[in-house]
Amino acid sequence: MDLFEYQGKQYFARYGIPVSPGGVADTVEEALEVAERVGFPVVVKAQVKVGGRGKAGGVKLATGPDEVRTHATSILGLDIKGHVVKRLWVEHASDIAKEYYASFTLDRPNKVHLGMLSAQGGVEIEVVAAESPEAIAMLPIDPVRGLDSATARRWVAEAGLDEAARAEAADLLVALYRCYTEGDCDLAEINPLVLTPGGRVHALDAKVTLDDNAAFRHPEWDEFREDEFEDPRERRAREKGLNYIGLDGSVGIIANGAGLAMSTLDVVNQVGGSAANFLDIGGGANADVMAAALEVINADPKVRSIFVNIFGGITRVDEVAKGVLEALARVDIASPIVLRLDGTNAVEGRAILAPHLSDRLVTEPTMLEAARRAVALAR
Amino acid sequence: MSIFVDESTKVIVQGLTGSQGRFHGLRNRAYGTKVVGGVTPGKGGTDVEGISVFDSVREAVETTGATASFIAVPPRFAPAAILEAAEGGIEFIVCITEGIPAQDEALTYNRLVEEHPGVRLLGPNCPGIISPGKCNIGITSGDIALAGGPVGIVSRSGTLTYQALYELSQKGVGQTTCVGIGGDPVPGTNFIDCLEAFQADPDTRAVMMIGEIGGSEEERAAEWIAQNMDKPVVAYVAGVTAPPGRKMGHAGAIISGSRGTAQAKMAALADAGVRVCQNPTEAGEAMVEIVRAL
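Going down the list, the sequences are from chains A and B. Here the first sequence stands for residues 1176 to 1554, where the numbers follow our numbering. Here the second sequence stands for residues 219 to 512, where the numbers follow our numbering.
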């Protein structure tokens, strides 16, 4: 789950990472209230989960109430790369002496954590990486040993952070590492991390991706959930516990396993169709899950046919078949369903469906043939 | 021959008394796997259809001589189960558990490497391993595999692993071993580990490799293949049409540069002399062609 900047800052604050005083505003009036509370000048920032907000006019400095009103009015409702701004973060504007970059993420090839620190912050880090890779101090961290203060102090010096920033920056990095590990982040990134003329170091932005697998031990994440999805289809799927991503095509896809689901999208594309979604019902899905998946897809008005591609392993095909029948009994499925069923208990599954097959519910022996059928039916 | 597991492999199931452990553990035994025990703390002394249950891995290993473990426990218990297996004397651990937090996975993997260097972990979040006709550990349906070789399969995706097995078996082409390495961020065993083992196995004469988007394991495998592999390799990479940017953030994109897309992976594999196919069926057909020409 990606967090909005304001959520990321709230999360950082839990781990003692200093952020600017500020508040959330959904209206112009609320923006004014926050500005008065934190003190002028303030920065009015669009809350969208996409980069390039500044260039799109989504981040503005306001020295007084009139400017807050003007900027809040123009930013609320602004479309930034397809994301409509519904919420603002208003914070006291910091005096900035220097801008740095800091992040922690998993180095997958080397199976350790990777810290990245640069004295060149405030710009896109991809650009720094491409143009002057030596400006980024990479620190591999063994998860067993973690990041201690002594290492952090050496790291800030190696990255060339200003002397005045080093002690506070080292403490902040240790706190950020703790946020990244104990806080179960896939990514914890601060860009820019700023040094003020007064010698203080704090996070001016927050980019945090939480690991959904760790949600069971983070009840505090619930408050982030309400704003998670902009796509209503994805919100519905989430409520049903399904791994769903909305797309623009006309063939609804249900598959078990991320790999097979991706492959199903590819094959539908190869035979001239396009998928309306990615939906992985996961391992061990039962009839209930299958029925919920069909209902979610059925609610998408773009869907013209539904391709159910199941290769049973931990998922039992007879359960899938029962789920299909359950969904058909429960709701009126608007689109024809094409099924391809193989693997664990496939024979039993096909037998359950056999009496119910019609021109609205068909089976095909292979993935490729089923894709062709589903694409033809979607036309 | 086969890699990693064969007819002499003795297996215990951690979580045998749970629903998944029971279903798949019994199914593995029915396939012919030597399932010699189960482990569930507090249920020692009971049995599941004649398979003795022990309180700890150590006790199970001491009593049965097991060398492999099949872990089928929920995500919050799986990291401890993996380490218990290694501490208890298990050499080959298969963990099918889906949904382990990435932080736990990274920590567990590194503890395993540092404290138990001889132990191999397969998974987590993988379908397991099958050496057809000899040993099946995990959730793969044994009837879709065909014994006798000559193809080795290694795959990051569970269901696409079954798809690959099925495509080959349907066409009468057998497998030496099929390894599902899993699609989690920190897999215990990676493509190169398996390619190395297949290259060394005289009965494996060709390899099918199934990858997917994300990370750079396929690219690394491509480099390894170019330098070390003289057996033919067929590959399929899922996710050509997957929407970009739904999971990875900025920092992740830097580590792998332009790597991570299906297109980049396919290009790297093709450059390494691998026959790259557009879908699982095409990959199956390409492999049949290669095997018939051997």
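Think of the CB as a built atom: it goes at the ideal place given N, C-alpha and C, for glycine as much as any other residue.
Opening and closing residue of the alpha helix (DSSP H) in which residue i lies
{"i": "B/Asp489", "result": "480-489"}
{"i": "B/Gly256", "result": "Looking at the DSSP string, B/Gly256 is not in any alpha helix (DSSP H); the run it does join, the beta strand (DSSP E), is 252-257."}
{"i": "B/Val271", "result": "Per DSSP, B/Val271 belongs to no alpha helix (DSSP H); it is in the beta strand (DSSP E), 269-272."}
{"i": "A/His1137", "result": "The question about residue 1137 of chain A has no answer here: the residues shown for chain A are numbered 1176 through 1554."}
{"i": "A/Asp1493", "result": "1492-1505"}
{"i": "B/Thr326", "result": "320-333"}
Chain B contact residues for residue i, given Cβ-Cβ distances below 8 Å
{"i": "A/Gln1445", "result": "Gln496, Asn497"}
{"i": "A/Asn1461", "result": "Those within 8 Å of A/Asn1461 in chain B number zero; the least Cβ separation is about 11 Å."}
{"i": "A/Gly1297", "result": "Within chain B, no residue comes near A/Gly1297; the closest Cβ sits about 13 Å away, beyond 8 Å."}
{"i": "A/Asp1386", "result": "Pro319, Ala320, Gln321"}
Coarse secondary structure for residue i, derived from DSSP in three states
{"i": "B/Thr227", "result": "coil"}
{"i": "A/Ala1334", "result": "coil"}
{"i": "B/Cys353", "result": "strand"}
{"i": "B/Cys412", "result": "helix"}
{"i": "B/Ile472", "result": "A caution first: B/Ile472 carries a pLDDT of 32, below 50, which makes its placement in the model unreliable, though a value can still be read off. B/Ile472: helix per DSSP, three-state reduction."}
{"i": "B/Pro450", "result": "coil"}
{"i": "B/Ile300", "result": "helix"}
{"i": "A/Ile1508", "result": "coil"}
{"i": "B/Leu364", "result": "coil"}
{"i": "A/Ala1272", "result": "coil"}
{"i": "A/His1288", "result": "strand"}
{"i": "B/Thr282", "result": "helix"}
{"i": "B/Val458", "result": "coil"}
{"i": "A/Asn1452", "result": "strand"}
Chain A contact residues for residue i, given Cβ-Cβ distances below 8 Å
{"i": "B/Ile362", "result": "Asp1517, Gly1518"}
{"i": "B/Asn328", "result": "Lys1286, Val1287, Asp1317, Pro1318, Val1319"}
Within chain B, partners of residue i - CB distance below 7 Å
{"i": "A/Val1442", "result": "Asn497"}
{"i": "A/His1288", "result": "Ala324"}
{"i": "A/Thr1356", "result": "Gln321"}
{"i": "A/Leu1207", "result": "Simply none; closest approach about 33 Å."}
{"i": "A/Leu1469", "result": "Per Cβ cutoff of 7 Å: no residues; A/Leu1469 is ~19 Å from chain B at best."}
Segment limits, beta strand (DSSP E) that includes residue i
{"i": "A/Asn1418", "result": "1418-1421"}
{"i": "A/Ala1366", "result": "Strictly speaking, residue 1366 of chain A in this sequence is Asn, with Ala absent from that position. From DSSP, the beta strand (DSSP E) with A/Asn1366 extends over 1360-1370."}
{"i": "B/Ile240", "result": "The amino acid occupying residue 240 of chain B in the given sequence is Arg; Ile does not appear at that position. From DSSP, B/Arg240 is part of no beta strand (DSSP E) but of the alpha helix (DSSP H) over 237-249."}
{"i": "A/Lys1382", "result": "1382-1385"}
{"i": "A/Met1465", "result": "Element bounds for A/Met1465: not the beta strand (DSSP E) but the alpha helix (DSSP H), 1462-1473."}
{"i": "A/Pro1315", "result": "1311-1316"}
{"i": "A/Ala1206", "result": "Per DSSP, A/Ala1206 belongs to no beta strand (DSSP E); it is in the alpha helix (DSSP H), 1203-1213."}
Straight-line gap, residue i to residue j (C-alpha atoms, nearest Å)
{"i": "B/Thr499", "j": "B/Ser373", "result": "15 Å"}
{"i": "A/Glu1180", "j": "B/Gly239", "result": "42 Å"}
{"i": "A/His1267", "j": "A/Ala1363", "result": "22 Å"}
{"i": "B/Gly470", "j": "A/Cys1360", "result": "Because the pLDDT of B/Gly470 is 30, which lies under 50, any placement of that residue in the model is unreliable, and the question is left without a value."}
{"i": "B/Ile508", "j": "B/Lys449", "result": "11 Å"}
{"i": "B/Phe222", "j": "B/Ile311", "result": "10 Å"}
{"i": "B/Ile355", "j": "B/Phe288", "result": "6 Å"}
{"i": "A/His1288", "j": "A/Thr1280", "result": "6 Å"}
{"i": "A/Asp1270", "j": "A/Ala1237", "result": "14 Å"}
{"i": "A/Thr1371", "j": "A/Val1218", "result": "16 Å"}
{"i": "B/Ala460", "j": "A/Leu1440", "result": "7 Å"}
{"i": "A/Leu1178", "j": "A/Lys1224", "result": "7 Å"}
{"i": "A/Gly1252", "j": "A/Ala1466", "result": "37 Å"}
{"i": "B/Gly307", "j": "B/Val279", "result": "7 Å"}
{"i": "A/Glu1544", "j": "B/Leu383", "result": "18 Å"}
{"i": "B/Ile472", "j": "A/Leu1292", "result": "Residue confidence for B/Ile472 is low, a pLDDT of 32 falling below 50, so the modelled location carries little weight; the figure read from the coordinates is stated next. Using only the alpha carbons, I get a separation of about 13 Å."}
{"i": "A/Glu1494", "j": "B/Thr281", "result": "37 Å"}
{"i": "A/Glu1333", "j": "B/Ile410", "result": "34 Å"}
Listed by chain order, chain B residues near residue i by CB distance under 9 Å
{"i": "A/Ser1324", "result": "Result: empty, since nearest Cβ-Cβ is about 20 Å, beyond 9 Å."}
{"i": "A/Ala1231", "result": "Here the premise fails: no neighbours, minimum Cβ distance about 17 Å."}
{"i": "A/Phe1391", "result": "Pro293, Arg294, Gly317, Pro319"}
{"i": "A/Asn1431", "result": "Gly376, Thr377"}
Heavy atom of the ligand MG within 7 Å of residue i beta-carbon
{"i": "A/Leu1379", "result": "For the structure depicted, the ligand MG is absent and the ligand set is empty, with no information on it obtainable."}
Within chain A, partners of residue i - CB distance below 7 Å
{"i": "B/Tyr380", "result": "Phe1486, Gly1488, Gly1518"}
Contacts that residue i makes with chain A (C-beta to C-beta distance below 9 Å)
{"i": "B/Asn246", "result": "Under the 9 Å cutoff, chain A gives no residues; its nearest Cβ is about 12 Å from B/Asn246."}
{"i": "B/Tyr249", "result": "Under the 9 Å cutoff, chain A gives no residues; its nearest Cβ is about 12 Å from B/Tyr249."}
Would you say the segment 453-462 of chain B touches the segment 483-496 of chain B, given that touching needs at least three Cβ pairs under 8 Å?
Output reads yes: the segment 483-496 of chain B touches the segment 453-462 of chain B.
So, do the segment 1491-1505 of chain A and the segment 219-236 of chain B have three or more beta carbon pairs nearer to each other than 8 Å?
Of all C-beta pairs linking the segment 1491-1505 of chain A to the segment 219-236 of chain B, fewer than three are shorter than 8 Å, placing the two stretches out of contact.
At least 3 beta-carbon pairs within less than 8 Å: the segment 1182-1196 of chain A vs the segment 1227-1242 of chain A
When Cβ pairs closer than 8 Å are counted between the two stretches, the segment 1182-1196 of chain A is seen not to touch the segment 1227-1242 of chain A, the count staying below three.
Count the C-beta pairs between the segment 1299-1315 of chain A and the segment 1393-1402 of chain A that are closer than 8 Å, then say yes if the count reaches three, no if not.
no
Three Cβ pairs or more, each shorter than 8 Å: is that satisfied between the segment 328-335 of chain B and the segment 345-359 of chain B?
no
Is there contact between the segment 1204-1216 of chain A and the segment 1241-1250 of chain A, where contact requires at least three CB pairs shorter than 8 Å?
yes
Under 8 Å, with one C-beta from each stretch per pair, do the segment 1417-1425 of chain A and the segment 1476-1488 of chain A reach the 3-pair mark?
yes
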